[in-house]
Amino acid sequence: MKPILIVSNGHGEDTIGVALGKALAALGYGVEAVPLVGRGLAYEEAGFAVWGPRKEMPSGGFALQSPKALWADLRAGWFSMSLAHYRAVRWVARQALATLVVGDIYALLVGGLLGRRPLFLVQCRSTLRALGRPYSVTERLLMRRAMRVYPREPEGEAWLRARGVGQAVWLGNPMLDAVGEGSFGVPPPYLLLLPGSRQDAYESLPKMLEAARLLGDLGLKPVVAWAGLPLEPLPLLGWRLEATGERQGVTHRLCHPDGTIAYLARGLLKSLLLGSRVAVSTSGTAAEQAAGYGVPLVGFPTSGPQYTRAFAEGQKRLLGAALLLVEPSPSAIAQGVRRFLFSPKMQAQARSDGRAAMGEPGAAQRIALDLHRFLM
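Once you know that position 212 of the sequence shown is 213 in the working numbering, the rest is easy, because the numbers rise by one and skip nothing.
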């Protein structure tokens, strides 16, 4: 059978694309992907064919947030890389059955203009809840080219249908299906550290690790869900990085002379979520997945490119009491963690708000079955 082409633009979008790809593969479809941001490791690890250049840009996909970020990407070869992406989408589209876009307006523009019809769109970010603004006129015009548009919240369906995108239908949020099923060899309870998939991680993880040292009396094991960025540039003053050979889900250990040990896992595993008491986060998708599984979050802003103060505040509007924002210092982070752990009321409200914002698992299968009806 001809494959379905998935076009996505971001690490979180890639993991959602993999969840959808697995659901489509279970229905008998082939899946091939063109990731427009980053290296597309999630697709590769899932066994899907990955096409196009696979290069990390300095902005991590947030080039339009500032002239400095845009200039850094242009200097790093964004223009030539993007032309190669467009050629890859067109080449795969010639032999594809359909195109599934997972992402925002840029992915929709590329997939909609260069991909194979019929076109399907999974909207990953919560524009209405988190940012308080609707989809742009341009975005809605592009959506009208799609056979189906799957917004991530029911408000999105109603808003789009009222403005001429009648093919919008909410079937749930596939983000909760995009977590790994592997086991983790270190027994819980965990203090989950989510530094994110962009350059923010190099700034935020050292602060998280120092906060973990301040929380050593709580008996929580610090576990870093590492998204695959190179570890060499990570500033680890006082910490020793040890490779483990990826035994039982642990890829590395970070050891401090005071006896604190933090474990690195490759990506976010369901077993980590189920065993975590609280998470410290400067991430997008991973934080929202954790909130959906009932894990309270302590977040703090970075200098970017992703988890800026504005981004953090938008995520706070989405997740409500599931996310506690603090200042970017180890002591403030540690205090935020203690506030959650010593307040059953805060924990209960965090679980309620997180699950209300994220919905229930199973959306990937529902979307795949809905898409299948149009391809039969």
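Here a beta-carbon is modelled for each residue, glycine too, at the ideal position from N, C-alpha and C.
Remember, predicted model here, so these are calculated numbers, not experimental data.
Secondary structure at histidine 257: coil, using DSSP grouped into helix, strand and coil. Counting every other CB atom within 10 Å of its CB across the protein chains shown gives methionine 377 a total below 16, marking it as exposed. Between the region 302-309 and the region 192-202 there are three or more inter-stretch CB-CB distances shorter than 8 Å, so the stretches are counted as touching.
CA-CA distance, leucine 325 to aspartate 218, rounds to 21 Å. When Cβ pairs closer than 8 Å are counted between the two stretches, the region 173-185 is seen to touch the region 365-377, the count reaching three or more. Taking leucine 269 as the centre and dropping the five residues before and after it, the same chain places the C-beta of Val180, Gly181, Ala226, Ala287, Gln290 closer than 7 Å to its C-beta, in chain order. By the neighbour-count criterion, in which a residue is buried when 16 or more other Cβ atoms sit within 10 angstroms of its Cβ, leucine 142 is exposed.
In the displayed model, proline 329 falls within coil according to three-state DSSP, outside both helix and strand. Across the structure, proline 258 and proline 234 are spaced so that their CA atoms are roughly 21 Å apart. Around leucine 161, the same chain offers Ala169 as residues with beta carbons nearer than 6 Å, after the five sequence neighbours per side are excluded. Spanning the alpha carbons of alanine 163 and leucine 115 requires a straight line of approximately 28 Å. Within its own chain, the residues whose Cβ lies closer than 6 Å to the Cβ of alanine 24, once the five positions on either side in sequence are excluded, are Ala365, Gln366, Ala369, listed in chain order.
DSSP places leucine 161 inside the alpha helix (DSSP H), whose first and last residues are 155-162. Looking at Leu221, Gly11, Phe341, Ala47, the one whose alpha-carbon comes closest to that of alanine 20 is Ala47.
CA-to-CA, the gap between glycine 239 and leucine 320 works out to about 35 Å.
By the neighbour-count criterion, in which a residue is buried when 16 or more other Cβ atoms sit within 10 angstroms of its Cβ, glutamate 361 is exposed.
For glycine 31, the enclosing beta strand (DSSP E) has its first and last residue at 31-36. An exposed status is given to threonine 139, since fewer than 16 other beta-carbon atoms sit within 10 Å of its beta-carbon.
Assignment of alanine 226 by DSSP, reduced to helix, strand and coil, places it in the strand class. Going by DSSP, threonine 16 is part of no beta strand (DSSP E) but of the alpha helix (DSSP H) stretching over 12-27. Rounded to the nearest angstrom, the gap between the Cα atoms of alanine 228 and valine 166 is 35 Å. Here serine 330 has no same chain residue with a Cβ atom under 6 Å from its own Cβ, once five neighbours each way along the sequence are excluded. Counting only residues of its own chain and dropping the five nearest sequence neighbours on each side, alanine 335 has a CB closer than 7 Å to the CB of Ala212, Leu215, Leu216.
Closest in C-alpha terms to aspartate 354, from the list Tyr294, Phe343, His373, comes Tyr294. Taken through DSSP and simplified to helix, strand or coil, glutamate 289 comes out as helix. Of the residues Asp201, Glu204, Gln124, the one whose Cα lies closest to the Cα of tryptophan 171 is Gln124. Counting along the chain, proline 207 sits inside the alpha helix (DSSP H) bounded by residues 201-215. Here the C-alpha atom of alanine 26 lies approximately 28 Å from the C-alpha atom of alanine 292. Less than 7 Å divides the Cβ of asparagine 10 from the Cβ of tyrosine 107. Secondary structure note for serine 284: it is in no beta strand (DSSP E), with a DSSP letter that is neither H nor E. In the structure shown, alanine 77 adopts coil according to DSSP, grouped into three states. Each residue's CA atom was taken as its position, placing phenylalanine 343 and lysine 317 some 21 Å apart.
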